[in-house]
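*Asks:* Numbering (the UniProt record's numbering), first residue to last: 1 to 306.
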Amino acid sequence: MEWRKLGVVWCPNGDLWWARSYASCPTPLFLDDGTLRIYVQGRDEKGIGRIGFVDVDAGDPTRVLRVSSDPVLDVGVPGAFDDNGVFQTCVLARPDGTLAMYYVGFEICHQIRYRLLTGLAISRDGGETFQRLRATPILERSPDELYFRCGPFVMAEGGVYRMWYIAGSEWETLEGKAMPVYDLRYLESEDGIVWPDAGSRVFELNRDVEHGVGRPYIVRKRDGYQMFYSIRKKPPLGYRMGYAESPDGLHWTRMDEQLGLDVSASGWDNETIEYSAVVNVGDKTFCFYNGNDFGGTGFGVAELIK
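1) If you follow the beta strand (DSSP E) that residue 177 is in, where does it begin and where does it stop?
2) Could you pull the start and end residues of the beta strand (DSSP E) that residue 234 belongs to?
3) Decide if the region 63-75 is in contact with the region 20-28; the criterion is three or more beta carbon pairs, one per stretch, under 8 Å apart.
4) According to DSSP, is residue 212 helix, strand or coil?
5) Can you check which of these residues, 303, 299, 280, 305, is closest to residue 34 by C-alpha distance?
6) Does DSSP put residue 280 in a helix, in a strand, or in coil?
7) Do residue 149 and residue 141 have their beta-carbon atoms positioned less than 8 Å apart in this structure?
8) Specify whether the region 112-122 and the region 57-69 touch according to this definition: at least 3 beta carbon pairs, one from each stretch, less than 8 Å apart.
9) Tell me whether the beta-carbon of residue 277 lies closer than 8 Å to the beta-carbon of residue 294.
10) In whole angstroms, what is the alpha-carbon distance linking residue 138 and residue 102?
11) Taking only three categories from DSSP, how would you classify residue 145?
12) Looking at the structure shown, is residue 258 part of a helix, part of a strand, or coil, going by DSSP?
13) Just confirm the distance between the C-beta atoms of residue 212 and residue 182, as a whole number of angstroms; I'd bet it's less than 8 Å.
14) For residue 88, count the other beta carbons within 10 Å of its own beta carbon; 16 or more makes it buried, fewer makes it exposed. Which is it?
15) When you compare each of 5, 297, 166 to residue 184 by their alpha carbons, which one comes out closest?
16) Among 37, 84, 62, whose alpha-carbon lies nearest the alpha-carbon of residue 43?
17) Terminal residues of the continuous beta strand (DSSP E) containing residue 135?
18) Rounded to a whole number of angstroms, what is the C-alpha to C-alpha distance between residue 201 and residue 15?
19) Assuming the contact rule is C-beta atoms closer than 8 Å, residue 224 and residue 247 should be a hit. Round their C-beta distance to whole Å, please.
20) Using C-beta distances below 6 Å, list every residue in its chain close to residue 53, excluding the 5 sequence neighbours before and after it, in chain order.
21) Residue range of the beta strand (DSSP E) that residue 5 falls in?
22) Are there three or more Cβ pairs, one per stretch, closer than 8 Å when the region 259-273 is compared with the region 212-222?
23) Using three-state DSSP, classify residue 295 as helix, strand or coil.
24) Return helix, strand or coil for residue 58, following the three-state DSSP convention.
25) Based on the DSSP secondary-structure assignment, which residues constitute the bridge partners of residue 32?
26) Have a look at residue 5 and residue 65 and give me their C-alpha separation to the nearest angstrom.
27) Assuming residue 244 contacts residue 192 under a Cβ cut-off of 8 Å, what Cβ separation, rounded to an integer in Å, is found between them?
28) By how many angstroms is the C-alpha of residue 13 removed from the C-alpha of residue 128?
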């Protein structure tokens with residue numbers, strides 16, 4: 001693949017209370033043929049993350065049409081799994097006309113740095129606001145997936161809901177800092193709400209150079225599936241992006257070298273690149289992504305040219 005980077009789409013200027021900074025994990029949803037809504041996590045003056053949106057022209061995604069003045073989903077109640085921040089990774093339409101947002105709750109811990117579990121919120125107004133299905137996670141910690149059950153991508157297909165997500169039960173110390181260790185797993189559900197306690201592993205980490213592979217984004221093709229994902233490389237490299245293909249969504253072949261999208265020589269994405277989300281608009285294909293500092297420099301877009 002060969003991509004042409006179109007630059008930063010949007011970065012907060014500090015005017016919005018819910019997004020003084022950051023525009024993390026761009027998550028697209030078609031509002032209509034001409035408008036793409038990109039859900040992002042912004043952070044307030046204390047660094048707490050909430051979810052809002054940036055609407056862009058589908059044909060020219062560098063053209064911003066609207067930015068939400070308030071978050072569509074706020075943090076959870078004190079003591080809940082999402083009381084210190086929320087972070088969307090997937091939004092999809094359900095048969096009843098509602099929208100389902102699968103999101104990550106950020107929970108500060110004492111013996112480990114944090115715990116990340118998955119929540120579900122529903123919109124009944126076309127994605128303007130979302131309400132939690134419940135105050136507890138739909139992916140709760142389990143014996144085999146103790147600290148991380150998060151970052152899901154969900155697809156309804158063949159009468160079932162299919163989920164590719166992050167799971168892990170380990171931390172390791174890298175250059176004096178505790179860092180999470182996690183990989184990709186797979187689950188199925190009849191209703192998209194109740195899920196098993198543990199999933200099957202998608203592929204193994206390369207522990208020599210990686211300590212995490214996550215934020216999967218799946219594209220269905222006529223002859224199979226594409227997966228775009230983020231790779232947490234061990235220092236000094238940091239985040240990069242990866243790519244895999246599968247005939248059935250279950251058995252994957254890593255083809256990272258074929259992605260063709262890496263850090264720039266200078267600018268907003270010259271250190272790291274992560275959180276890719278790929279959409280087709282007519283005969284064009286766009287990849288929304290973050291660059292340096294997990295979205296601290298905003299989110300950008302690249303167009304597939306070959």
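C-beta atoms are modelled at their ideal positions from N, C-alpha and C, and glycine is treated no differently.
*Replies:* A quick look at the data gives this:
1) Where residue 177 is concerned, the enclosing beta strand (DSSP E) stretches over 177-189.
2) Bounds of any beta strand (DSSP E) do not take in residue 234, whose DSSP letter is neither H nor E.
3) Contact fails: fewer than three Cβ-Cβ distances are below 8 Å.
4) DSSP places residue 212 in strand when its eight states are reduced to three.
5) Residue 280 is the option with its Cα nearest to residue 34.
6) Residue 280: strand per DSSP, three-state reduction.
7) The answer is yes: Cβ separation under 8 Å.
8) Look at the beta carbons and you see the region 112-122 not touching the region 57-69: under three pairs across the two are nearer than 8 Å.
9) No.
10) If you take the alpha carbons of residue 138 and residue 102, they lie about 9 Å apart.
11) Judged by DSSP in its simplified three-state form, residue 145 adopts strand.
12) Three-state DSSP puts residue 258 in a helix.
13) With a Cβ gap of about 5 Å, residue 212 and residue 182 count as contacting.
14) Around the beta carbon of residue 88, a 10 Å sphere encloses 16 or more other beta carbons of the protein chains shown; the residue is thus reported as buried.
15) The residue with the shortest Cα to Cα distance from residue 184 is 166.
16) For residue 43, the nearest C-alpha among the options comes from 84.
17) For residue 135, there is no enclosing beta strand (DSSP E), as DSSP marks it with neither H nor E.
18) Linking residue 201 to residue 15 through their CA atoms gives a straight-line distance of about 42 Å.
19) Indeed they touch by this definition, with Cβ atoms about 5 Å apart.
20) Only 37, 39, 68 meet the Cβ criterion.
21) Where residue 5 is concerned, the enclosing beta strand (DSSP E) stretches over 3-10.
22) No, because fewer than three Cβ pairs between the region 259-273 and the region 212-222 fall closer than 8 Å, the two stretches do not touch.
23) Note: residue 295 maps to helix in three-state DSSP.
24) The answer is coil: DSSP assigns residue 58 none of H, G, I, E or B.
25) Beta-bridge pairing links residue 32 to 35.
26) Going by C-alpha positions, residue 5 is about 20 Å away from residue 65.
27) With 8 Å as the limit, residue 244 and residue 192 do not qualify as a contact, their Cβ atoms being about 23 Å apart.
28) Approximately 22 Å between the Cα atoms of the pair.
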